[in-house]
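J.: These protein sequence lines are chains P and L, in that order.
Using the working numbering, read the first sequence as starting at 1 and increasing by one per residue.
Using the working numbering, read the second sequence as starting at 1001 and increasing by one per residue.
Built from N, CA and C at the ideal position, the CB exists for glycine as well.
The structure displayed is predicted, hence computed values, not measured ones.
A single structure is presented below for examination.
Number of protein chains: 2
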Amino acid sequence: MTNRASLQDIADQLGITKMTVSRYFRSPEKVAPATREKIAQAVKHSGYIHNRAPALMSRALSRTIGVVIPSLSNQVFSALVDGIETITNAESFDILLAHSGYDPKVEERKIEMLLSYQVDGMILCETEHTDRSRAMLKQAGIPVVECMELPEAPIDMVVGLDHKAAAFNAVTRMIASNKQHIVYLAARLDRRTMLRQQGYEQAMWEAGLTPQTVATPFQSSFSQGMKLLQQALDTFDRVDGIFCTNDDLAVGAMQFCKNEGIRVPDDLAVMGYNGLDIGLTMQPKLTSVVTPRQAIGIKSARLLIDVINGKAPSDKLFDLGFSYTAGESLS
Amino acid sequence: MTNRASLQDIADQLGITKMTVSRYFRSPEKVAPATREKIAQAVKHSGYIHNRAPALMSRALSRTIGVVIPSLSNQVFSALVDGIETITNAESFDILLAHSGYDPKVEERKIEMLLSYQVDGMILCETEHTDRSRAMLKQAGIPVVECMELPEAPIDMVVGLDHKAAAFNAVTRMIASNKQHIVYLAARLDRRTMLRQQGYEQAMWEAGLTPQTVATPFQSSFSQGMKLLQQALDTFDRVDGIFCTNDDLAVGAMQFCKNEGIRVPDDLAVMGYNGLDIGLTMQPKLTSVVTPRQAIGIKSARLLIDVINGKAPSDKLFDLGFSYTAGESLS
DNA sequence: AACACCTATGTTACACGTAACATTTTGTTG
DNA sequence: CAACAAAATGTTACGTGTAACATAGGTGTT
């Protein structure tokens, strides 16, 4: 393997010290124009690539943030990361990205890896963590933002929304549109799914209705949505609405309706969750709870970088709320 | 900020040297059981987190691979990364993940960042790179795998499939099912879309048929699929089949058929591309070209790690081919 | 001319895990 | 128990960008 060029190589070549070359990269205005020009040439010629290992060794900031998302194929998290990068790009921070597959054990491994790179802060998208994850983050002494949810035992700061309240509001809305036999469609029984179920159940009980749920432990998908609706229709006497734990299930269910000639929303009201683009391409458009994930990303990164820069946060918990898509699958 | 515990801290505490503690982590069997136990206690108590910065400074392997994917919300790449991690986990390599948003300029920045962490190898999912990207990778002297496609000017190694051949095969299959007036539906006119068009056209010419294309520069989506099929039917006298550049378009087109009472496949055969889950929720199920993305991930990582470990690769280019979903939208 | 001040560059020390080699301790065998 | 092998631990040096401080040379002011 070719040895990579170092600052020293460039400096030797020009008869100067590596300190000047280092300055050239980080604050060129402190280097004399003539020297700057010489260095520029030499850098171009040698193809120097910055090596951040030595900087990581000093106790200086790495200007890097670790981000752990649960899944790589979910628009929710891609929008979240977009939001984060809006801020990190502007502040010239880098992000180091990892994914956990919704598994706290995997998350632990990824947190360990990111910490080993001396990240200055961490954004986590889940609220369930192993004890070791919590201990490592504490020991690392860096600011942490948990986002998407409002955890019961926050590590540090939180930016998210109340999924139980959102679900409650959504189901109450369905009931208000004159649906009474609303079934909850759930997949991958994680914490957020449970929270939404709680909101759903509370809304049903408060309206004097009986909650009924069909669930699968599998990852949610369009085809799971079809299967779950089928199952709901097979299981329960009457079904005139479904509250889906996410838009994948909802779209799959609407597809099922199309195939089976079930009219939406007349025969069956459909409420999704997340407000993905795909819902708006359906006929009728899917009504869905919109989670402000880009805003969550922006706020999370903003908050984290401010704290890294020594500012005291105005608060430790930010609830960014929710809204609805302009859908027609409800009434 | 609390100073993180170092190996030295643990060693001091036990009256041994940090070298022994270092050994405890990397080859515990070389440490006496009694010492091992003592260290384990101290480590647990201090909450030590490994710091890889010093190791990155030596010329030793970082046991880390950089991966750049175009998008964080595409099942194709999530499956690819899954495949990669199958291997990296087994070989105790870490991956550093970045995404480029399909933009070579952004890819360049991400490549630079990953190289600054001294990754031992790089997996890229696109074949268009800036000159600087190529120069940096060359200078870094690490093995590189480009995956998904078979580029004309490979940087180093390639694991992918021939999209032109796949398209040719798919269209030939449509023709064999007695369709003659097949239209190509294209969106976001990137390289892969073009390659598929070439395959389509070749298949048509070879069968003595005339290729006909409708295209949009916009990002593909369900609604684009609907619009494009509408446009095709308006533009051409007879249409009895469509070859869609991806499943989004195909699903949109099939929905259009459902709305308009066009029978699939009797009136119109539909062929998709990628074999995503949603295609299987359609009625009839969408027939689609399946790209072996998990296998591509596995092969890419296997190859890269072998080369990192000093093995000479048996070949520099691996075409993993394609298959079809068990769909019913063809005949 | 003396002084303060600025700009450009240099000098020194440091961060900390690990490879390579050295030394000590323990175990084994004739 | 001497002699040697093996196991366990220690010693030394290294990599490379950067903070902090030092110095050289130049400019301007009184």
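Output yes if chain P places a C-beta closer than 8 angstroms to the C-beta of Ile1039 of chain L; else output no.
T.: Within the second sequence, residue 1039 of chain L is the residue found at index 39, counting from 1. It does not: the Cβ of Ile1039 of chain L has no partner Cβ on chain P nearer than 8 angstroms.
J.: With distance defined between alpha-carbon atoms, name the residue in P:Ala166, P:Pro143, P:Ile87, P:Ile242 nearest to Asn178 of chain P.
T.: Walking along the first sequence from the start, residue 178 of chain P turns up at place 178. Comparing Cα-Cα distances from Asn178 of chain P to each of P:Ala166, P:Pro143, P:Ile87, P:Ile242, the minimum goes to P:Ile242.
J.: Measuring alpha carbon to alpha carbon, tell me which residue in L:Lys1138, L:Ile1155, L:Gln1139 is nearest Glu1146 of chain L.
T.: One-based indexing of the second sequence puts residue 1146 of chain L at position 146. It is L:Ile1155 whose Cα lies nearest to the Cα of Glu1146 of chain L.
J.: Along the stretch 214-237 of chain P, what residues have a CB closer than 7 angstroms to any CB found in chain L?
T.: Listed by position, the residues of the stretch 214-237 of chain P near chain L (Cβ gap below 7 angstroms) are Ser221, Phe222, Ser223, Met226.
J.: Output, in chain order, the set of chain L residues within a Cβ distance shorter than 9 angstroms of Thr245 of chain P.
T.: By 1-based counting over the first sequence, the position of residue 245 of chain P is 245. Per Cβ cutoff of 9 angstroms: no residues; Thr245 of chain P is ~17 angstroms from chain L at best.
J.: Relative to the C-alpha of Ser6 of chain P, which residue among L:Met1157, L:Ser1116, L:Lys1311, L:Leu1330 is closest?
T.: In the first sequence, residue 6 of chain P corresponds to position 6, counting from 1. Ser6 of chain P has its Cα closest to that of L:Ser1116, out of L:Met1157, L:Ser1116, L:Lys1311, L:Leu1330.
J.: Would you check if the distance between the CB atom of Val144 of chain P and the CB atom of Ile65 of chain P is smaller than 8 angstroms?
T.: Taking the first sequence and counting its residues from 1, one reaches residue 144 of chain P at position 144. Taking the first sequence and counting its residues from 1, one reaches residue 65 of chain P at position 65. No. Outside cutoff.
J.: Using a Cβ-Cβ cut-off of 8 angstroms, state whether Ala295 of chain P counts as contacting chain L.
T.: Mapped onto the first sequence, residue 295 of chain P falls at position 295. Closer than 8 angstroms: no.
J.: Work out the CA separation of Ala1186 of chain L and Asp1404 of chain L for me, nearest whole Å.
T.: Any property of residue 1404 of chain L remains undetermined from this structure, which presents chain L solely from 1001 to 1331.
J.: Please report whether the beta-carbon of Met1001 of chain L lies at a distance below 8 angstroms from any beta-carbon of chain P.
T.: Within the second sequence, the letter at position 1 stands for residue 1001 of chain L. Only weak support exists for where Met1001 of chain L lies, its pLDDT of 42 falling under 50; the value from the coordinates is given anyway. Yes, contact with chain P.
J.: Which residues of chain P have a Cβ atom closer than 7 angstroms to the Cβ of Pro1265 of chain L, listed in chain order?
T.: As a first step, residue 1265 of chain L must be located in the second sequence, where it is residue number 265. Near Pro1265 of chain L there are no residues of chain P at all, since even the closest Cβ is about 16 angstroms away, more than 7 angstroms.
J.: Leaving out the 5 sequence neighbours to the left and right, which residues in its chain are closer than 6 angstroms to Ala1301 of chain L when beta-carbon positions are compared?
T.: Residue mapping note: residue 1301 of chain L aligns to position 301 of the second sequence, counting from 1. Answer for Ala1301 of chain L: Ile1084, Ile1087, Thr1088, listed in chain order.
J.: Compute the Euclidean distance between the alpha carbons of Tyr1273 of chain L and Gly225 of chain P, then round it to the nearest angstrom.
T.: For the purposes of this step, residue 1273 of chain L is taken as the residue at position 273 of the second sequence. For the purposes of this step, residue 225 of chain P is taken as the residue at position 225 of the first sequence. Looking at the two C-alpha atoms, the distance is approximately 22 angstroms.
J.: With a threshold of 6 angstroms on Cβ separation, who are the neighbours of Leu61 of chain P within its own chain once the five nearest residues in sequence on each side are excluded?
T.: As a first step, residue 61 of chain P must be located in the first sequence, where it is residue number 61. Around Leu61 of chain P: Asp120.
J.: Evaluate Gln1281 of chain L with the Cβ neighbour count: other Cβ atoms within 10 Å of its Cβ, from every protein chain shown; 16 or more gives buried, anything less gives exposed.
T.: Against the second sequence, residue 1281 of chain L aligns to sequence position 281. Looking at the sequence provided, one finds Thr at residue 1281 of chain L rather than Gln. So Thr1281 of chain L ends up on the buried side.
J.: Name the two residues that bound the continuous alpha helix (DSSP H) containing Thr1235 of chain L.
T.: Residue 1235 of chain L sits at position 235 when you count from the first residue of the second sequence. Note, Thr1235 of chain L: alpha helix (DSSP H), 1222-1235.
J.: Can you name the residues that DSSP bridges to Gln212 of chain P?
T.: Residue 212 of chain P sits at position 212 when you count from the first residue of the first sequence. According to DSSP, Gln212 of chain P bridges with P:Val183.
J.: Would you mind sorting Ala1034 of chain L into buried or exposed? The rule is 16 or more other CB atoms within 10 Å of its CB.
T.: Here residue 1034 of chain L corresponds to residue number 34 of the second sequence, with the count starting at 1. So Ala1034 of chain L counts as exposed.
J.: Give me, in chain order, the residues of the same chain whose beta-carbon lies closer than 6 angstroms to that of Met1204 of chain L; leave out the 5 immediate sequence neighbours on both sides.
T.: Here residue 1204 of chain L corresponds to residue number 204 of the second sequence, with the count starting at 1. Closer than 6 angstroms at Cβ, skipping near neighbours: Pro1211.
J.: Quick check: the Cα distance between Thr127 of chain P and Ser133 of chain P, rounded to an integer number of angstroms?
T.: Looking up residue 127 of chain P in the first sequence gives position 127. Looking up residue 133 of chain P in the first sequence gives position 133. Roughly 11 angstroms separates the two Cα atoms.
J.: Go ahead and label Ala1269 of chain L buried or exposed: buried means 16 or more other beta carbons lie within 10 angstroms of its beta carbon, across all protein chains shown.
T.: To locate residue 1269 of chain L, count along the second sequence from 1; it is residue 269. The residue is buried, with at least 16 neighbouring Cβ atoms inside 10 Å.
J.: Would you say Val81 of chain P reaches chain L, if we count a Cβ-Cβ gap shorter than 8 angstroms as a contact?
T.: Reading the first sequence from its first residue, position 81 is the one you call residue 81 of chain P. Output row for Val81 of chain P: interface = yes.
J.: Going by the CB atoms, is the gap between Val1021 of chain L and Ile1039 of chain L shorter than 8 angstroms?
T.: Numbered from its first residue, the second sequence carries residue 1039 of chain L at position 39. Numbered from its first residue, the second sequence carries residue 1021 of chain L at position 21. A contact, by the Cβ cut-off of 8 angstroms.
J.: Please decide whether Lys18 of chain P counts as near chain L, where near means a Cβ-Cβ distance under 8 angstroms.
T.: Here residue 18 of chain P is taken as the residue at index 18 of the first sequence, counted from 1. No, because no Cβ of chain L sits closer than 8 angstroms to the Cβ of Lys18 of chain P.
J.: So, helix, strand or coil for Leu1317 of chain L, using DSSP?
T.: Reading the second sequence from its first residue, position 317 is the one you call residue 1317 of chain L. If DSSP states are grouped into helix, strand and coil, Leu1317 of chain L belongs with the strands.
J.: Output needed in chain order: residues of the stretch 102-116 of chain P with a Cβ under 8 angstroms from some Cβ in chain L.
T.: Glu112, Met113, Leu115, Ser116
J.: Tell me, please, which residues DSSP counts as bridged to Asn1274 of chain L.
T.: On the second sequence, residue 1274 of chain L is found 274 positions in, with the first residue counted as 1. Asn1274 of chain L pairs with L:Val1290.
J.: Since Ile1278 of chain L meets chain P, which of its residues come closer than 7 angstroms, beta carbon to beta carbon?
T.: Along the second sequence, read from residue 1 onward, the residue named residue 1278 of chain L stands at position 278. What Ile1278 of chain L touches in chain P: Phe222.
J.: Output the distance between the C-alpha atoms of Val43 of chain P and Asp82 of chain P, rounded to the nearest integer angstrom.
T.: Locating residue 43 of chain P in the first sequence gives position 43, counting from the first residue. Locating residue 82 of chain P in the first sequence gives position 82, counting from the first residue. Their backbone Cα atoms lie some 32 angstroms apart in a straight line.
J.: Would you mind working out which of L:Leu1286, L:His1163, L:Ile1111 sits nearest Pro1265 of chain L, comparing C-alpha positions?
T.: Start at 1 with the first residue of the second sequence, and residue 1265 of chain L comes out as number 265. Pro1265 of chain L has its Cα closest to that of L:Leu1286, out of L:Leu1286, L:His1163, L:Ile1111.
J.: Taking 8 angstroms as the CB-CB cut-off, is Ala326 of chain P touching chain L?
T.: Within the first sequence, the letter at position 326 stands for residue 326 of chain P. It does not: the Cβ of Ala326 of chain P has no partner Cβ on chain L nearer than 8 angstroms.
J.: Please identify, using Cβ separations under 9 angstroms, the residues of the stretch 1161-1174 of chain L that lie next to chain P, in order along the chain.
T.: none
J.: Any beta carbon from chain L within less than 8 angstroms of Pro70 of chain P's own beta carbon?
T.: Numbered from its first residue, the first sequence carries residue 70 of chain P at position 70. False, the Cβ-Cβ gap to chain L never drops below 8 angstroms.
J.: When burial is assigned at 16 or more other CB atoms within 10 Å of the CB, is Ala32 of chain P buried or exposed?
T.: Numbered from 1 along the first sequence, position 32 holds the residue referred to as residue 32 of chain P. Per the 10 Å Cβ criterion, exposed.
J.: What is the residue span of the alpha helix (DSSP H) that Asp9 of chain P lies within?
T.: Sequence index remark: in the first sequence, residue 9 of chain P carries index 9 (1-based). Where Asp9 of chain P is concerned, the enclosing alpha helix (DSSP H) starts and stops at 7-14.
J.: Can you tell me whether Pro292 of chain P is buried or exposed? The criterion is at least 16 other CB atoms within 10 Å of its CB, across all chains shown.
T.: Along the first sequence, read from residue 1 onward, the residue named residue 292 of chain P stands at position 292. It counts as buried.
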